[in-house]
Each structure stands twice: as C-alpha cells, then as structure tokens.
Amino acid sequence: AGAVATSFTVILFCGSGYWFLFFKAQTEVYTMVPLDSEREVTLFKMLLTVAAVCAAISMAHTVYRQCNYDILFLDWEKARATLTPAGKATTAPVSTWRQFFIANEWNELQTQRITSRDLTLLLMMLFLLGLDFQNLGVIEPTMRTNEPAPYQVSSLLLRFAIGGGLMLVIGLCQIAYKIVFHHNYVCHPIQQFVDLLSLSNISIIILDDECSGYYIHGRSLMAFTDTSMAELSQQMRKEQEMQVSA
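Going by my numbering, 257 is the number at position 52 of the sequence shown; the sequence numbering is gapless.
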C-alpha cells in the first residue's frame, strides 16, 4: 500500500507540475489547464483519493508493526555485596528503574522524524498565505501573485502543484540540514540512545520479525552504573583517562 501511495503521488505531482510549468510559463497560447469539472480533473481526484487511502493503510500497518515488536532488555548490572542488620553477608537487588527509563526513551524515539511537521506547516502557511503563493493557482498564464479578479477561478491541478512543490522543497531543506549539520554537530537521536544504553549498562534486542531483528550492545566498562552521582562521575572520569579494564 505504501508503494502504491508513493507511486500515485509522484505521478500526480509530475502531471500537475507539467500543467503548472507549461501553462504558467507560456508567453503564447500553447496549452490550457482543464477545469475542475472536466474528465481529466475527475480522474485526478480519483487517483488522489486512492493514494490517500493507501497511505492511511500503510501508516496503520506501520503502527501495527511497531506495536507488535518483541523487545528484550539485557541488564548487565551486577548485584552489590552488602550486609544485613544482623551482620550477615548478602547481595542487594538490582534496581529495575533503569530498564523502565530505557523503555520510555525507546517509545519516545518511535516518534522521531527527520522533518518537523510543525515547521513544515508553518512555512507552508507563510508562503501560501503570507506571500500569496496561493494566487498562483488561478487559471492565468502568469507567475504574478496579485489578488485574482472576481471572474477568475483557480485550478485543482495548479493548487496541487504549488502545495506539493512547496512541501517538497521545505522537506528537502530540512533533510539536508539534519544530515549535513544537525546530526553531525548538534545531536543525533540514535547515537544519544546508544550512549544512554551504555551509560545504563543495558543492551537491547529488537525482534521486528519472526526470524530477524537487531541487537544494540550497551554493556558498560564501569564497575557499577546503578550508583550515586558522585561515584558515577568518578567512574566516567576513570573511563575518560582509560583506567578501566576491557
């Protein structure tokens, strides 16, 4: 369903882009944009509806798969030796709160996207409403964004080309920024999660299918990670100075 939705969307965008470029950029009468009541636009609406339905099915399938992953947490933390009030040697139980915290961070990681939906919609409104790019959808062979006359009508094909083109450019700019700059010089969500696993001394096994999956090794070289802040800072300082055993 996802491949069908993507294919139909690309076809519709290329078709509407053809009408937009060749109609808007012409200096002599070469082609005319079909009206919304004509057969070509009716077929366009049908294909757009099919693409939207397939995209919704694909999204539901993705959510279903994410909800049915088998995830195993391997806690490498060792139990500490301690004394009972009677003076008898015993071992203290290992706290399970680190696993709860890792599980919560994993759930939050599922919502991470390389593009920002809020920023995309904000920029779309800025260009369409603030800069009047929506007026390019009027059936008139010019690139002017002036307020249309009362007798002028807009075209679904032209509006789709404008909206799709703006969203494509905004999305590509965000992807380029994230890959080139943000993930390299600010933060990378996946790398931060791996560092958190190592700091918590927990590994994770993700089984996304019956016979396949992923393993993230998070075993730490520190003696203990379920400890106080002072001792944790001291162990991290030793690791920085390469004073820990492999």
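Backbone N, C-alpha and C fix where the C-beta goes; we use that ideal spot for every residue, glycine too.
Bear in mind the structure is a predicted one, so any value in this text is a computation, not a measurement.
Going by the beta-carbon positions, is the gap between K229 and T347 smaller than 8 Å? yes
List the DSSP bridge partners of I410. According to DSSP, I410 shares a beta bridge with L277 and Y420.
Are there three or more Cβ pairs, one per stretch, closer than 8 Å when the segment 255 to 266 is compared with the segment 391 to 409? no
Bridge partners for S359 per DSSP, in chain order? V343
Straight-line CA distance for A206 to E436? 53 Å
Top-ranked residue by Cα proximity to E310, from K443, S405, Y420 and Q439: Closest by C-alpha distance to E310, out of K443, S405, Y420 and Q439, is S405.
Taking the alpha carbon of I409 as the reference point, which residue from M372, V246 and L279 has its own alpha carbon closest? L279
Beta-carbon proximity list for S178, same chain, < 8 Å, skipping 5 on both sides: Examination of residue 178 is not possible in this model, given that the chain is present from 206 through 451 alone.
In angstroms, rounded to a whole number, what distance separates the CA positions of L361 and G342? Looking at the backbone, the Cα of L361 and that of G342 are separated by about 8 Å.
In whole angstroms, what separates the C-alpha of G423 from that of T247? 55 Å
Less than 8 Å between the C-beta atoms of Y235 and F227, yes or no? yes
Rounded to the nearest angstrom, what separates P355 and N340 at their Cα positions? So the two alpha carbons sit approximately 12 Å from each other.
Which listed residue (Y269, C378 and S221) has its alpha carbon closest to that of Q315: Y269
Separation of M329 from I421, as counted between CA atoms: Each residue's CA atom was taken as its position, placing I421 and M329 some 38 Å apart.
Taking only the alpha-carbon atoms, compute the straight-line gap between N388 and T325 and give it to the nearest angstrom. The amino acid occupying residue 388 in the given sequence is His; Asn does not appear at that position. Distance between the alpha carbons of H388 and T325: 19 Å.
Drop a sphere of 10 angstroms on the beta-carbon of S417, count the other beta-carbons inside from all chains shown, and report buried for 16 or more, exposed for fewer. exposed
Supposed contact pair L252 and F213 - C-beta distance, whole angstroms, cut 8 Å: 5 Å
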